[in-house]
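**Q** Handing you this structure, nothing more for now.
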Amino acid sequence: LGVDIRLAPGADGPPTARSHVLITADGQRTMQTYLGACTELGTRHITPATFGSPRAVLIEGYVWDLPEGPLLARDAMTLAAANGTAAVLSLSDSFCVERHRDSFDAAIRDGVEIIVADEDEICALTETSSFEAAL
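Laid out in structure tokens, this is it:
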């Protein structure tokens, strides 16, 4: 896959994040998520050396819930733009979108090239009640 892990694993502190995704027959999902070690991610971790030169970087919407989250995302997007790297934003969930809509809008305007989202998240982002209207 070409995954290059550049941050050293922590010797102590919280364990790696995990998420259990339960999907119903009609495609609805319920998630049980523990964010774990990523909650300790700070702007000091987003450097040219740790970033490297990937083809794409996934910026998880839940990052905005961290104290330095919006700055982390901005730093990653700045490095992505400088490297010709595609910035990909996962909207995470509709409640996350509602909490951070203005900041997500700014990130999308400022360089997000790909958005990963389900219908509810797109409707929350565009403040519409139907996916068709959002398009």
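Under the working numbering, the residues of the sequence shown are numbered -4 to 130, in order.
From the three backbone atoms N, C-alpha and C, an ideal C-beta is built for every residue, glycine too.
1. Could you have a look at Thr34 and say whether DSSP puts it in helix, strand or coil?
2. Could you tell me whether the Cβ atoms of Val58 and Leu84 are closer together than 7 angstroms?
3. Give me the Cβ distance between Asp70 and Thr25, rounded to the nearest whole Å; I'm assuming they're in contact under 8 angstroms.
4. So what does DSSP say about Ile18, is it helix, strand or coil?
5. Candidates Glu93, Leu36, Met72, Cys118: which alpha carbon is nearest Gly47's?
**A** Quick answer:
1. Thr34: helix per DSSP, three-state reduction.
2. Taking 7 angstroms as the cut-off, the Cβ atoms of Val58 and Leu84 do not count as close.
3. About 32 angstroms; that fails the 8 angstroms criterion.
4. It is a strand residue.
5. The shortest C-alpha separation from Gly47 is found at Met72.
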